[in-house]
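Chains as they are written, first to last, in this note's numbering: chain A, 2 to 112; chain B, 60 to 174.
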Amino acid sequence: GEEVAQTPKHLVRGEGQKAKLYCAPIKGHSYVFWYQQVLKNEFKFLISFQNENVFDETGMPKERFSAKCLPNSPCSLEIQATKLEDSAVYFCASTGGTEAFFGQGTRLTVV
Amino acid sequence: DQQVKQNSPSLSVQEGRISILNCDYTNSMFDYFLWYKKYPAEGPTFLISISSIKDKNEDGRFTVFLNKSAKHLSLHIVPSQPGDSAVYFCAASGGMDTGRRALTFGSGTRLQVQP
Chain A
2 GEEVAQTPKH
12 LVRGEGQKAK
22 LYCAPIKGHS
32 YVFWYQQVLK
42 NEFKFLISFQ
52 NENVFDETGM
62 PKERFSAKCL
72 PNSPCSLEIQ
82 ATKLEDSAVY
92 FCASTGGTEA
102 FFGQGTRLTV
112 V
Chain B
60 DQQVKQNSPS
70 LSVQEGRISI
80 LNCDYTNSMF
90 DYFLWYKKYP
100 AEGPTFLISI
110 SSIKDKNEDG
120 RFTVFLNKSA
130 KHLSLHIVPS
140 QPGDSAVYFC
150 AASGGMDTGR
160 RALTFGSGTR
170 LQVQP
């Protein structure tokens with residue numbers, strides 16, 4: 002597609018439940034990024050993919066967070082056993098060159 | 060340790076005047092800089108970028124200036140319009156495969172353009 006599509010737009014989970022977020026990058030873009038925005042400001046890089054391969058995972062929490070980009074499927078970000086501090090907006094972005102294009106984000110609220 | 064800093068959380072200007080948003084960085088490895096605009100409940104939208112081999116890049120009403128020695132960049136919007144009211148984020152990346160590297164963002168400046 003012509004835009005980065007993220008689903009769902011909102012997600013509410015009880016503490017300890019699993020959360021799974023999806024991202025369909027722009028067609029033809031081979032790089033996908035996940036960012037976490039807490040408190041409306043700070044964007045924290047989590048992980049990036051080159052096609053289905055992890056490119057950079059230096060921002061990914063060691064526990065509970067995992068991500069995949071499989072062929073012919075949306076990319077996904079999964080949080081096992083969510084905690085209150087995971088509440089944030091999660092943005093996906095894709096790029097085929099120098100500028101990254103962002104999706105509208107998924108707002109995760111952990112209660 | 061914030062590597063990209065936007066020290067002004069907010070800025071208010073009159074319609075038709077110039078808006079100047081500032082950004083400082085500390086990491087000498089950064090060599091590509093971008094500005095994004097963000098409306099509430101939407102993702103950041105790419106505005107303009109500049110490579111470290113240039114000191115100015117212009118696109119319509121938007122101009123970005125880069126001062127490498129001072130590790131400072133600024134975004135000028137002339138003339139400002141009410142529709143420009145949004146949060147503006149400065150972002151930087153560097154090293155090999157620039158553009159495919161993760162972006163480091165500033166904390167944003169909220170611009171309000173008064174009619």
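All C-beta atoms in this analysis are idealised placements derived from N, C-alpha and C, irrespective of residue type, glycine included. All values reported here derive from a predicted model rather than from experimental measurement.
_As a quick exercise: from Q37/A, P26/A, L22/A, pick the residue whose alpha carbon is nearest that of E86/A._
Distance check between E86/A and each of Q37/A, P26/A, L22/A places Q37/A closest, using alpha-carbon atoms only.
*Straight-line CA distance for E64/A to I80/A?*
Distance between the alpha carbons of E64/A and I80/A: 9 Å.
_Short CB-CB distance (under 7 Å) between G167/B and chain A_ = Taking CB atoms only, G167/B has a neighbour in chain A less than 7 Å away.
*Residues in the segment 84-106 of chain A with C-beta within 7 Å of chain B's C-beta atoms, listed in sequence order?*
Close to chain B, meaning a Cβ-Cβ distance shorter than 7 Å, are the following residues of the segment 84-106 of chain A: F92, T96, G98, T99, E100, A101, F102, F103, G104, Q105, G106.
*What is the C-beta distance between E95/A and P26/A, in whole angstroms, given that I count them as a contact (C-beta under 8 Å)?*
The question names Glu, but residue 95/A in the sequence shown is Ser. S95/A to P26/A, Cβ: 3 Å. Contact.
*asked:* Less than 7 Å between C-beta atoms, sequence neighbours within five positions excluded: which residues of the same chain meet that for S49/A?
replied: Taken in chain order, the residues that qualify are Y32, V33, F34, F56, D57.
_Quick check: A82/A and G17/A, are their CB atoms within less than 7 Å of each other?_
Contact flag set, yes.
*Output, in sequence order along the chain, the residues in the segment 30-48 of chain A whose CB is closer than 7 Å to any CB in chain B.*
The residues in question are Y32, F34, N42, E43, F44, F46.
_If we define contact as Cβ-Cβ less than 7 Å, is F121/B a contact residue for chain A?_
With 7 Å as the cut-off, F121/B does not count as an interface residue toward chain A.
*Buried or exposed: P103/B, going by 16 or more other Cβ atoms within 10 Å of its Cβ?*
Classification of P103/B: buried, given that the 10 Å Cβ count is 16 or more.
*What is the DSSP secondary structure of D87/A, reduced to helix, strand or coil?*
DSSP places D87/A in helix when its eight states are reduced to three.
_Touching by the beta-carbon criterion (3+ pairs, under 8 Å), the segment 124-141 of chain B and the segment 82-95 of chain B_ = Output reads yes: the segment 82-95 of chain B touches the segment 124-141 of chain B.
*Check the DSSP bridge columns for K21/A and list the partner residues they point to.*
Looking at the DSSP assignment, K21/A forms a beta bridge with E79/A.
_In whole angstroms, give me the CA-to-CA distance for N126/B and D143/B._
Whole-angstrom Cα-Cα distance: 24 Å.
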